[in-house]
Amino acid sequence: VCLATSGPGAMNLLTAVADARSDSVPIIAITGQVNTSLIGTDAFQEADTFGLSFPITKHSVMVKSPEELLHAIPEAFAIAVNGRPGPVLIDVPRDVQCASCEFDEWPDVNAVRIHDIRFHTPASEYAARMEKITEALVVSRKPVLYCGGGCNTAAASEELKKFLKSYRLPVVTSLMGLGCIPESSCMSAGMVGMHGSYAANVAMHEADLVIAAGVHFDDRATGAVSKFCPNAKIVHIDVDAAEVNKIVNADISVVADVESVFPILVQLAAEKQEKFASAWQNAEARAVWLEKIMNIKKDNFSLESGRPKNAGNSNPRAFIASVPELAGKAGLPGGSLIVTTDVGQHQMWAAQYYPVEKPRTFLTSGSLGTMGFGLPAAVGAALANPDRQIVCFSGDGSILMNIQELATLAEQNLAVTVIVFENGTLGMVYQQQKYLFNKNYSASTFAARPDLVAIARGFGIEAADAADDDAWYEKAFAPDRKRKPFFVRVKIDNEEDVLPFVPGGKANVDAIK
């Protein structure tokens, strides 16, 4: 739940609301508004918050009486969490805020009515579609499970693990799906797409069956849609009917929560194995297929990928990969960390090299790609998980977008370690100008670099430069200082690249490596 004042306060909130809509995050945004009698008069700090928020929310309403609030607030919570989660905004004029009303009992909000049955696959078709999916699984020789944010809940992840015990196949994820299965799993091929692992991209390109669960086929994941999964039958499972056949046409689709589908597939798969005479041969082929993909992952993993020759500063990939181990050395289990990221090169390096082992422990801005997301997300994660250590990966471009939240961090004395990679550039823009625009660099380098360590200390936060303090992690992660924030600057070369990199219009397997 978040609150904002009218006009500029509400406007500043809308980017976060749009981000929540894109990444299916349930939030309730309550904004102030001028008195109802002043609406439409260009009053001081008046803005059409309802109109502006309508296309970026799951539901938006402006209440005009306190009686309306009795329904609007409980309905907002029901709408936000039912079906595909998303943001709901309630705009409350000042006179409504100051008014009072009497009522005998709280209104009953019918969540079933809000999440209407029409948003699910009809019951009459459900069983037949599940049968078709199971048959496709049993006869496939090169299947892939493609998991998105819809699989990244505790319930969905648990059912996914049960499914994988019965049916072993390569699992690739979207950026938002990281953590739905442990990165250390012998079936995890990594993230797919523009900066995805080569193994994941090969798996999708060569697959004869792709089961896409809780994904919306983002352009950063698919590459050129016409070249995406060229040999595969596609099964799409998603709770949002609007996502089915929107970008990629599905051969079989089921509109439902993914956690309700996997148990049925486990049961039916066992029955179908006996029906098809070739099932054992296909199972053998699938084992060879899984081994092939995991070998590709092993052979193509490198902490030096994209690193310039004669680099004089820290290797950001190695630094990110080492964080769980360093936390362990300091006395915190590496698997207990919750990671947030901003947007840019560091985000992709974190997605590629940070070992995400549990659902909802890697928080990032996926679809909207909002710079400035990481630090306030870390504050929220710390408040929601007071016994956990939070790590925020950021860059010297992103951190400046919301650096004022260091004040909140210090004020609340939260267990957040902020790690900022400094290269004096907007790294992702700089890299694209290098590869796609013949090194015609524009507005991607900083003429001056602020002293980020001094700024953090100015907010009252202990800070260090990783190059000058080899023991920074002992201060950042020591259990006896869990309730204190820490800031780390890591200087890196501006020629560091995020590889693989799939140029626009190319198939994912045609990546620059």
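Heads up, the sequence shown is in our numbering, so the first residue is 663 and it goes up one at a time. Think of the CB as a built atom: it goes at the ideal place given N, C-alpha and C, for glycine as much as any other residue.
Would you check if the distance between the CB atom of L822 and the CB atom of P805 is smaller than 7 angstroms?
no
Assign A1105 to buried or exposed, taking buried as 16 or more other Cβ atoms, counted over all protein chains shown, within 10 Å of its Cβ.
exposed
Residue burial classification, D766 (beta-carbon count within 10 angstroms, cutoff 16)
exposed
Let me check understanding here. Comparing Cα to Cα, which of P1141, T796 and L1037 lies closest to A1072?
L1037
Exposed or buried, what is P769 when buried is set at 16 or more other beta-carbons lying within 10 Å of its beta-carbon?
exposed
Could you tell me the distance, in whole angstroms, from the CA atom of A1179 to the CA atom of A989?
As displayed, the chain neither begins before 663 nor continues past 1175, which places residue 1179 out of reach and without an answer.
Could you name the residues of the same chain whose beta carbon sits closer than 7 angstroms to that of R969, not counting the 5 residues immediately before and after it, in chain order?
N977 and E1158
Looking only at its own chain, which residues have a Cβ that is under 6 angstroms from the Cβ of V897, when we skip the five neighbours before and after it?
I795, I873 and I914
Could you check whether A875 and I899 sit closer than 7 angstroms to each other, using their CB atoms as the reference points?
yes
Contact defined as beta carbons within less than 8 angstroms: I believe M856 pairs with G885. What is the distance between those atoms, to the nearest angstrom?
About 7 angstroms separates the two Cβ atoms, so the contact holds.
Would you call the CB atoms of G810 and G839 closer than 7 angstroms?
yes
Please list the terminal residues of the continuous alpha helix (DSSP H) segment that includes A980.
P978 to A992
What three-state label does DSSP hand Q1051 in the structure shown?
coil
Can you list, in chain order, the stretches of the alpha helix (DSSP H) that have 4 or more residues and sit fully within the region 733-768?
Complete alpha helix (DSSP H) runs here, min 4: 756-760.
Alpha-carbon to alpha-carbon, L1076 and V1041:
7 angstroms
Let me confirm a value: V774 is counted as buried when at least 16 other C-beta atoms fall within 10 Å, else exposed. Which label applies?
Note on V774: pLDDT 47, under 50, position unreliable in the model; the coordinate value appears next. It counts as exposed.
Considering Cα atoms alone, identify which of I1123, I1154 and Y1135 is closest to K1146.
I1123
Buried versus exposed, by CB contacts within 10 Å (16 or more), N1085:
Buried.
Cβ-based neighbour list, A681, same chain, cut-off 7 angstroms, excluding 5 preceding and 5 following:
Here the sequence assigns Asp to residue 681, which means Ala is not the residue at that position. Excluding positions up to five away in sequence, the list reads S1027, L1030, T1032 and F1035.
What does the alpha-carbon distance come out to for the pair K895 and V1171?
K895 and V1171: Cα-Cα distance of roughly 18 angstroms.
Based on DSSP bridge pairs, tell me the residues matched to T815.
Paired residue(s): none; T815 is not in a bridge.
How is Q695 classed by DSSP in three states: helix, strand or coil?
strand
Distance between A1133 and K991 (C-alpha atoms, nearest Å)
10 angstroms
Where I690 and I741 are concerned, what is the direct C-alpha to C-alpha distance, given to the nearest angstrom?
Near 10 angstroms, if we compare the C-alpha coordinates of I741 and I690.
Let me know the alpha helix (DSSP H) ranges lying completely inside the region 819-897, each 4 residues or longer, listed in chain order.
Listed in chain order, the alpha helix (DSSP H) elements of length 4 or more contained wholly in the region 819-897 are 860-868 and 881-884.
Residue from T698, R882 and A709 with nearest C-alpha to C760:
T698
Chain-order list of residues whose beta-carbon lies under 6 angstroms from that of A980 (same chain, five-residue window excluded)
Non-local beta-carbon contacts of A980 in its own chain, meaning distances under 6 angstroms to residues more than five positions away in sequence, involve L965 in chain order.
Just checking, does the region 941-960 make contact with the region 1153-1167 on the three C-beta pairs under 8 angstroms criterion?
no
Find the nearest neighbour of G812 within the set E793, V920 and G852, judged by alpha-carbon distance.
V920
Could you please give the first and the last residue of the uninterrupted beta strand (DSSP E) stretch that includes L807?
P805 to C809
From the DSSP output, which residues share a beta bridge with L665?
In the DSSP output, where bridge partners are listed per residue, L665 has I692.
Going by alpha carbons, who is nearest to T1107 out of Y1097, G1120, L1098 and G1089?
G1089
C-beta contact flag for Q1095 and Y1103 at 7 angstroms:
Cβ distance < 7 angstroms, so Q1095 and Y1103 count as in contact.
Who are the near neighbours of G694 in its chain, counting only those whose CB is closer than 6 angstroms to its CB and skipping five residues on each side?
T667 and S668
So, for A883: in the same chain, excluding its five sequence neighbours on each side, which residues have a beta-carbon less than 6 angstroms away from its beta-carbon?
So the qualifying residues of the chain are S836, V854 and G855.
Ends of the beta strand (DSSP E) at S722?
H721 to M724
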